[in-house]
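Okay, so the sequence shown: first residue is 14 according to the numbering used here, each after it adds one.
The block underneath contains the structure these notes are about, expressed in structure tokens.
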Amino acid sequence: MNLPFKSLVFVLAFLFTSTVFAGEGMWLPQLLKALNEGDMQTMGMKLTAEDIYSVNKGSLKDAIVHFNRGCTSEIISAKGLLLTNHHCGYSQIQSHSTLEKNYLKDGFWAKDRSGELANPGLTATLIARIDDVTKAVLKGVTDDMSPKERQAAIDINLEAVKSHTNVEAHQEVMIRPFYKGNQYFLFVTVTYTDVRLVGTPPESIGKFGSDTDNWVWPRHTGDFSIFRIYANKDNMPADYAEDNVPYTPKHFLPISLDGIEEGDFSMVFGFPGRTDQYLPSFAVEQIVDVLNPARIEVRDHALKIVGAAMRADEATRLQYASKFARIANYWKKWIGEKQGLETTDGVGRKKRFEAEYLAKAKEFEKNKRYKENMAPSTYLDQFEKLYKERESYALARDYHNEITGRNIEVMQVAGYHQRLIDMYKESGEPAYTSFKGRLNGFLQGFYKNYQPSVDQKVFADLIQMYVEKMPFDEMASVMKNQMGAIGAKDYNDFAAKLYEKSLLTSQDMLMVTYGEEPDKAVAKLADDPIIKLNTALNKAYGEQVTPKLSELQDQINELQRKYMKAIIELFPDRSFYPDANGTMRVSYGKINGYQPRDAVSYLPVTYLSGVVEKYVPDDYEFDVPAKLLELYEKKDYGDYADNGKMPVCFIGSNHTTGGNSGSPAIDAHGNLIGLNFDRVWEGTMSDINYDKSICRNIMVDARYILFIIDKFAGADHLIKEMKLVHPKK
């Protein structure tokens, strides 16, 4: 549009006359004073925006930690005690587990700091400050530029901004785009690398309900684990060392013992990963009707094979527990997303908004002239054309990535070794040796949790799907040619022959090859049948799919930027929050239930009695520890009960997504009341279409966390380290 893009505060600071629904939105904390403070206080918050985000004093933001760059965690003591989800710490818990010391099954609680377990590679990142750098990043950028010219200019400006930003030696700078590239914010971060495991409940508590209850309400899962940040004697980041000391935070969260009631204010503070609230209807239809069904089908096949193997053998279950959960997570999410969009008429709502947008755009354009495809009223037609052309390429991408990149384990290893081969050919022995050293570390963990017999069954099943479902014959023919070259009778025979002849299915054989001279090792790897197959498939994909898909996606991304800008300009009386992009955000709402369908109404709180109702002895999802049953029978809840009942989980209307796992649920006074870990199944479409009627986030009640630590685990030394408060009293 010809109108300038207004500053964020100016555009969004209108009174919430057509407001975002209570609970909707992921807001930048440094802008709460201008945009949200009044609304939040009207809903019951007793804090100020300065209490939430400040660079001049300790504030809530200083207790919020990006956990391993994928989840959120929060500091809950003056000694750097870190609370996050059990599933966020799952891989670390698993890495310390053996059949003899099975911390996944039995839990783990360090008796003192000397018993806390180091986790190489685990990080905890805090935000020092956030600055608006839009003007500097978009300096010299004009509407007449092509997308490539625009990005080239922005890239130069980004480097200039980073180089001129004053930071201390232990700080880092990152800049992220917002509103589809119409605005930019700079984040100064501090990352700690000595993060130790302090305690975790057994998975019969931390994963209670497992796959059946995943994304589902009512929920009874104690999804938490505890870590601690360590620093050097100056409280600065330092790699693991025995003489490191617990980190002293600028702020930590007190924990409320008063609990929650329906209608209470709640705030979730964290690092949500990705949302796409402003996609056009054509994109949403494609996701729901074409892409998600394909992804679901692939994972459905893989899960059935892996699940059967896990149920048949305890060692296999331990090896594949984390991988199975990772595969199942989005499989179930995609199913719920489709259902939720259909229930709430999500596509219809998009189309109704687009009709309103089109009317405003045409009214705005009267007596104005635009170059071809530059008028805002043409954007929707362009979207429709581009998404229609993109469909087959996007479908091919999802089949290729889901099958060869995510669900067949050995194909992932093959991809790494093709890279190793390429590095040797392109850069010689030093590069080969360096990458092999890094790869060797990964392989130690990989083979610890790998069974070729299980992977072979997954391979045979999914490769057949690859051939039959791939929308491009050229891609399918590559697989058929490879089958013919090896003399396979069918897909099972093909898998058996490949897995028998490949070095990659045996750690011992691969390590022998690693010990040979580089030229001999590379020759053997290049001749490996699975690496050959993976290389051929990726080559065909790179030729047949990648160029056109990238071209179309670039056009869509640029159009989406223009569309976002036009939306904000054409609806100046509405509030538009930026999509999540892994940066720090605040969402707020209330504790309340919901009605997912006719004649069904869900209350907002679950109790320990519900755990006992679901109890199935020796079941991998619903078994309950004997100690927990004993505490329930005696009603031995300590100071953590609510009118004689032990609360477990609750739900609220806070807008969350992946990355918000482990985020604190904070009350009106700034105290911890719970730990965010999931969303309800009916509302998983909130990533692309938030609907206040059924979108709810699920949280572990802080009192249940304290109860498990204290009464179940007997780790009262951790309770004594925390600050417990009674804000309502």
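Positions of the beta carbon are idealized from the N, C-alpha and C atoms, including for glycine.
Note that this is a predicted model, so its numbers are computed, not measured.
Using beta-carbon positions only, say whether residue i and residue j come within less than 8 Å of one another.
i: Gly286; j: Met698; result: no
i: Ser294; j: Val360; result: yes
i: His739; j: Asp271; result: yes
i: Pro542; j: Ile499; result: yes
i: Leu371; j: Leu393; result: yes
i: Asn505; j: Ala473; result: yes
i: Val558; j: Ala409; result: yes
i: His430; j: Ile544; result: yes
i: Gly671; j: Ala678; result: no
i: Gly606; j: Ser600; result: no
i: Val208; j: Thr136; result: yes
i: Val258; j: Met478; result: no
i: Leu719; j: Ile268; result: yes
i: Lys658; j: Tyr620; result: yes
i: Gly675; j: Thr97; result: yes
i: Phe240; j: Leu117; result: no
i: Arg308; j: Asp411; result: yes
i: Lys220; j: His109; result: no
i: Pro262; j: Asp567; result: no
i: Asn702; j: Val281; result: no
i: Gly283; j: Arg598; result: yes
i: Asp714; j: Asp277; result: no
i: Leu802; j: Gln395; result: Coverage of the chain is limited to positions 14 through 742, which leaves residue 802 absent and any answer about it impossible.
i: Lys724; j: Gly651; result: yes
i: Ala328; j: Val471; result: no
Name the one or two DSSP bridge partners that residue i has.
i: Pro259; result: Tyr243
i: Asn710; result: Gly665 and Arg692
i: Pro660; result: Tyr620
i: Ile268; result: Leu685 and Leu737
i: Ser86; result: Val78
i: Leu199; result: Asp144 and Ile188
i: Val613; result: Arg610
i: Ser238; result: Thr97
i: Leu130; result: Leu210
i: Trp122; result: Gly212
i: Thr446; result: According to DSSP, which records beta bridges pairwise, Thr446 is partnered with nothing at all.
i: Trp40; result: Val599
i: Asp655; result: Lys658
Hey, could you find the ends of the alpha helix (DSSP H) residue i is sitting in?
i: Gln290; result: Element bounds for Gln290: n/a, residue is neither H nor E.
i: Ala678; result: Segment Pro677 to Ile679 is the beta strand (DSSP E) holding Ala678; no alpha helix (DSSP H) there.
i: Lys401; result: Tyr392 to His413
i: Arg163; result: Pro160 to Ser176
i: Pro465; result: Pro465 to Lys482
i: Ala307; result: Asn305 to Ala325
i: Lys3; result: Outside the displayed range of the chain (14 to 742) lies residue 3, so it cannot be described from this structure.
i: Gly497; result: Asp486 to Ile499
Grab the span of the beta strand (DSSP E) containing residue i for me, first residue to last.
i: Ser144; result: The amino acid occupying residue 144 in the given sequence is Asp; Ser does not appear at that position. Looking at the DSSP string, the run of the beta strand (DSSP E) that includes Asp144 is Ala137 to Asp145.
i: His79; result: Ile77 to Phe80
i: Gln184; result: Gln184 to Phe191
i: Phe278; result: Phe278 to Gly283
i: Tyr601; result: Arg598 to Lys603
i: Gly213; result: The question names Gly, yet the displayed sequence has Thr at residue 213. Counting along the chain, the beta strand (DSSP E) containing Thr213 begins and ends at Asp207 to Thr213.
i: Leu151; result: First-last for Leu151: undefined, no H or E at that position.
Since residue i and residue j are thought to touch, with beta carbons under 8 Å apart, how far apart are those beta carbons, to the nearest angstrom?
i: Asn305; j: Met577; result: Rounded, the Cβ-Cβ distance is 24 Å, inconsistent with contact.
i: Glu185; j: Thr204; result: 7 Å
i: Phe191; j: Phe198; result: 6 Å
i: Glu376; j: Pro389; result: Not really, about 11 Å apart at Cβ, beyond 8 Å.
i: Leu538; j: Thr526; result: 7 Å
i: Ile143; j: Leu41; result: 7 Å
i: Ile604; j: Ile273; result: 5 Å
i: Leu210; j: Asn132; result: 6 Å
i: Pro531; j: Glu634; result: About 48 Å separates the two Cβ atoms, so there is no contact after all.
i: Arg716; j: Tyr653; result: 4 Å
Within 8 Å of any Cβ in chain D, is that where the Cβ of residue i sits?
i: Leu452; result: No chain D appears in the structure shown, which is made up of a single protein chain.
Inset, instruction - Say whether the region 139-149 touches the region 90-97, bearing in mind that this needs 3 or more beta-carbon pairs closer than 8 Å, one atom from each stretch. - result: With the cut-off at 8 Å, the region 139-149 and the region 90-97 do not touch.
Inset, instruction - Spell out a yes or no on whether the region 79-86 and the region 166-180 are touching, meaning 3 or more CB-CB pairs, one atom from each, closer than 8 Å. - result: Judged by pairs of C-beta atoms under 8 Å, the region 79-86 does not touch the region 166-180, as fewer than three such pairs exist.
Legend entry - Cβ pair count under 8 Å reaching 3, the region 690-697 against the region 708-721: Segments in contact, yes.
Inset, instruction - Pair every Cβ in the region 226-236 with every Cβ in the region 658-667, then say whether three or more of these pairs are closer than 8 Å. - result: The answer is yes - the region 658-667 touches the region 226-236, with three or more Cβ pairs under 8 Å.
Inset, instruction - Mind the definition here: the region 241-253 touches the region 218-228 only if three or more C-beta pairs lie below 8 Å; say whether that holds. - result: Pairwise C-beta distances place the region 241-253 out of contact with the region 218-228, as fewer than three of them are shorter than 8 Å.
Inset, instruction - Mind the definition here: the region 623-630 touches the region 62-74 only if three or more C-beta pairs lie below 8 Å; say whether that holds. - result: Here the region 623-630 makes no contact with the region 62-74; the two share fewer than three CB pairs at distances below 8 Å.
Legend entry - Three CB pairs or more closer than 8 Å across the region 329-347 and the region 99-113: Flag = yes, the region 329-347 and the region 99-113 touch.
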